[in-house]
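Okay, structure first, notes after.
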Amino acid sequence: MTTSPNARPLMRAAISMLCLLLSACGGGSATQEVPARTSGTASAASTGDPAEKAAAPFVLVSANASGSHGTYSRAGFIDSANPFFKPIGNGRSCASCHDARDGWSLTPASVQARYLASNGADPLFLPLDGATSPQADVSSDEARRLAYRLLLEKGLIRIGMKVPAAADFELAGVDDPYRFAGDKELSLFRRPLPSTNLSFQSTVMWDGRETHLAPDSAQCMLNAARCYAGPAVDLALQANNAALGHAQAGAELSAADQAAIVAFESGLFTAQVFDAGARNLAGIGGRGGPLALAGVAYYFGINDLVDGDYRTRAPFTDKVMSLYSGWALANPPVDADVAPEDAARVAGARLAIARGQALFNQREMSIGGVKGLPGTLVRGSCATCHSAPEAGSHSVPLLLDIGVSDGARRTADLPLYTLKNKTTGEVLETTDPGAALASGRWSDIGKFKVPILRALAARPPYFHNGSAKDLREVVDFYNQRFQMHLSPQEIADLTAFLKAL
Ligand code: HEC
Ligand code: HEC
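Letter by letter, the sequence shown follows residues -30 to -1, 1 to 471 in mature numbering (1 follows the signal peptide of the UniProt record, and there is no 0).
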């Protein structure tokens, strides 16, 4: 057991699922409580030199369904005194919905645990945006369970937004099972995006609404007149709006608190560190885990689909993911601590991850007609959109309609909206108009940002509305919608790769 010299006391709650050493985290079985000063490091490849061990950076590790994930902070420790963790307004803090144990998002399992532990009194459970409607009946336990069912079952938060008056479309019909949504506001049920790995971010919020233009900025699209303020500005505005909205703060966050929150969240890196099958993901040949991720280069336009690399002018590359290239061998290496009788199985799991990585980068699919992509593009791979190296975001703002909120995919637990084009009279149905509610443009209906793909295993379910309950369902979605023709083996490999991110 190593104790990191710079590890400050952490919130006890944030470490209740901390695994001590990664080798003890197999299969998500280790959920032991450990002293607050104990570091859960050991993901960096080590020479075994005691001096090196003592200096190993602090990584906060939590178990998840396929192993465990870890967070590293550039600050050297997770500062529980940061205003990110301070309850404001209605008793919530940012951490109420962005929990390290859930990859800085929120999972149904932890929502349910909080509901049980507090009998529904935890400030997460507020009609404002935790319930299916702000007017939901929360007078009895039975009523509360119904009111908070989308939060309990899918970890969804209600975002209220209305169709802008100047929009080129109008709301022509509402089918809200919770009888609240209408002209005043649409109820949009969305997953909290992770407040980590933000240094790989070009677009803030699912619909990009906190991605701000700034004419005098240096972050400009190569072939368009648009320049963006960048994450520091976006995230400060976002934090303030989250405090006023989700946390009902009585006043704006001070500039100092905004800056402290942005510095804190921007310094976080989270990734899967241990996989039940492939074991230590930063072990020999692997570059998984948050420490390797913190060393990954990223800048605005590092690998843009249209213009390639803005700085080097290299053309776009689909070799986006390479962290497991060292396992793309007939017989991938395994670490010395793996028992000889397990070695073949671990090597097999590593090879499956490497095959999944190759599928991610290069397996072709039919993406013609995706709104937001250049019209000429008809074939592509996962890497076409998830193109920021090793992170899977897109390095310039890009909002796309891949069909997740299509009316045809509506499930009975979500409201359905009918929208009408004011000029053409055309109508369409959607569960969430996405970017169109910010821009007011018909052509933006159903568009969402390309999210970061690290620490996925930490935070099911997936997509903005939690419609894919696990990563296998994500792969099934793409396989069907974009005609990937994946074999059962390929589905398993791609899923294994996503779990190891
Ligand atoms: C009640 C739950 C809740 C609380 C409290 C909350 N958030 Fe969020 N957060 C969300 C949801 C839901 C989204 C996604 C909403 C969307 O895109 O429309 C989000 C999005 C974000 C994002 C965007 C990340 C990205 O990739 O674009 C950041 C950053 C963030 N929150 C930080 C914060 C901070 C800082 C606070 C505290 C001031 C906070 N949040 C409080 C639920 C919450
Ligand atoms: C045409 C662009 C495009 C392609 C191709 C694409 N994605 Fe996505 N991906 C997106 C967008 C946009 C979203 C957000 C959609 C939403 O939630 O409505 C997304 C969401 C996801 C998510 C959910 C992340 C989260 O935090 O919930 C995963 C996982 C994912 N994609 C993996 C993949 C994989 C694997 C492939 C290849 C099989 C792939 N994507 C291909 C654009 C794309």
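Glycine residues also receive a C-beta, built at the ideal position from the N, C-alpha and C atoms.
Do Phe139 and Lys341 have their beta-carbon atoms positioned less than 7 Å apart in this structure? Taking 7 Å as the Cβ cut-off, Lys341 and Phe139 do not qualify as a contacting pair.
Is Lys419 closer than 7 Å to Pro431 when the C-beta atoms are compared? Judged by their CB atoms, Pro431 and Lys419 are not nearer to each other than the 7 Å cut-off.
Is Cys355 close to ligand 2? I mean its beta-carbon at under 6 Å from any heavy atom of the ligand. For ligand 2, at least one heavy atom lies less than 6 Å from the Cβ of Cys355.
Contact between the stretch 140 to 152 and the stretch 383 to 391 (3+ Cβ pairs under 8 Å): Because the criterion of three Cβ pairs below 8 Å is met, the stretch 140 to 152 and the stretch 383 to 391 touch.
Could you give the residue range of the alpha helix (DSSP H) that holds Gln332? That run of the alpha helix (DSSP H) goes 313 to 332.
In three-state DSSP terms, what is Ile(-16)? Only weak support is given to the placement of Ile(-16): the predicted model assigns it a pLDDT of 35, under 50, and the question is left unresolved by the model.
DSSP three-state label for Lys469, please. Correct three-state label for Lys469: helix.
Rank Tyr85, Asn34, Gly46, Ser413 by C-alpha distance to the C-alpha of Ala25 and give the top, closest one. Considering only alpha carbons, the answer is Gly46.
What I want to know is whether the C-beta of His216 ends up closer than 6 Å to one or more non-hydrogen atoms of ligand 1. Yes.
Which word fits Pro53, buried or exposed, when buried means at least 16 other C-beta atoms lie within 10 angstroms of its C-beta? Counting C-beta atoms within 10 angstroms of its own C-beta, Pro53 has 16 or more neighbours from the protein chains shown and is therefore classed as buried.
Say the cut is 6 Å; is the CB of Val374 nearer than that to a heavy atom of ligand 1? With a cut-off of 6 Å, the C-beta of Val374 is classified as distant from ligand 1, since no heavy atom of the ligand falls inside that distance.
Give me whichever residues DSSP pairs with Ser75 in a beta bridge. For Ser75, which the question treats as bridged, DSSP gives the partners Asp69.
Among Ala209, Leu407, Asp376, which residue has its Cα nearest to the Cα of Phe447? Checked all of Ala209, Leu407, Asp376; the closest Cα to Phe447 is Asp376.
Measuring CB to CB, does Ala35 end up less than 7 Å from Thr240? Going by C-beta atoms, Ala35 is not nearer than 7 Å to Thr240.
Inspect the beta-carbon positions of Pro302 and Leu321 and report whether they are closer than 7 Å. Cβ atoms of Pro302 and Leu321: closer than 7 Å.
Is any heavy atom of ligand 1 found at a distance shorter than 6 Å from the C-beta of Ile272? Every heavy atom of ligand 1 is 6 Å or more from the Cβ of Ile272, so no.
Any beta strand (DSSP E) of 3 or more consecutive residues that is wholly inside the stretch 172 to 253: Secondary structure in the stretch 172 to 253: the beta strand (DSSP E) runs of 3 residues or longer, each lying completely within the stretch, are 238 to 245 in chain order.
Would the beta-carbon of Pro162 fall within 7 Å of that of Cys67? Cβ distance < 7 Å, so Pro162 and Cys67 count as in contact.
Would you say the stretch 389 to 407 touches the stretch 109 to 122, given that touching needs at least three Cβ pairs under 8 Å? Contact fails: fewer than three Cβ-Cβ distances are below 8 Å.
Own chain residues within Cβ distance below 6 Å of Leu126, not counting five before or after: Leaving aside the five residues that flank Leu126 on each side, the residues in its chain whose CB is nearer than 6 Å to its CB run, in chain order, Leu120, Phe159, Gly436.
Tell me, please, which residues DSSP counts as bridged to Thr381. Answer is none; Thr381 lacks a bridge partner.
Segment contact flag, the stretch 242 to 262 with the stretch 37 to 45, C-beta cutoff 8 Å, min 3 pairs: Judged by Cβ distances under 8 Å, the stretch 242 to 262 makes contact with the stretch 37 to 45, as three or more pairs qualify.
Spatial distance of Ile323 from Glu222 (CA atoms): Rounded to the nearest angstrom, the two C-alpha atoms are 46 Å apart.
Going by CA-CA distance only, name the one from Ile415, Arg380, Ala405, Gly259 that's closest to Val397. When each option's Cα is compared against that of Val397, the closest is Ile415.
Beta-carbon gap between Asn250 and Gln228 smaller than 7 Å: For the 7 Å CB-CB criterion, Asn250 and Gln228 do not form a contact.
Mind checking whether Phe467 and Gln332 have CB atoms under 7 Å apart? Using a Cβ distance threshold of 7 Å, Phe467 and Gln332 do not count as a contacting pair.
Looking at C-beta atoms only, is the number of pairs between the stretch 348 to 364 and the stretch 290 to 304 that lie closer than 8 Å three or more? Below 8 Å, enough C-beta pairs join the stretch 348 to 364 and the stretch 290 to 304 to call them touching: three or more.
Taking 7 Å as the limit between beta carbons, can you name the residues of its chain near Asp72, skipping five residues before and five after? Ser80, Ala428, Arg429.
With DSSP as the reference, please indicate the residues paired to Ile58 in a beta bridge. Note: Ile58 sits in a beta bridge opposite Arg62.
Separation of Ser50 from Leu464, as counted between CA atoms: Each residue's Cα considered, the two are about 36 Å apart.
Pick from Leu205, Leu192, Ala101, Met191 that is closest to Met175, judged by C-alpha positions: Comparing Cα-Cα distances from Met175 to each of Leu205, Leu192, Ala101, Met191, the minimum goes to Leu205.
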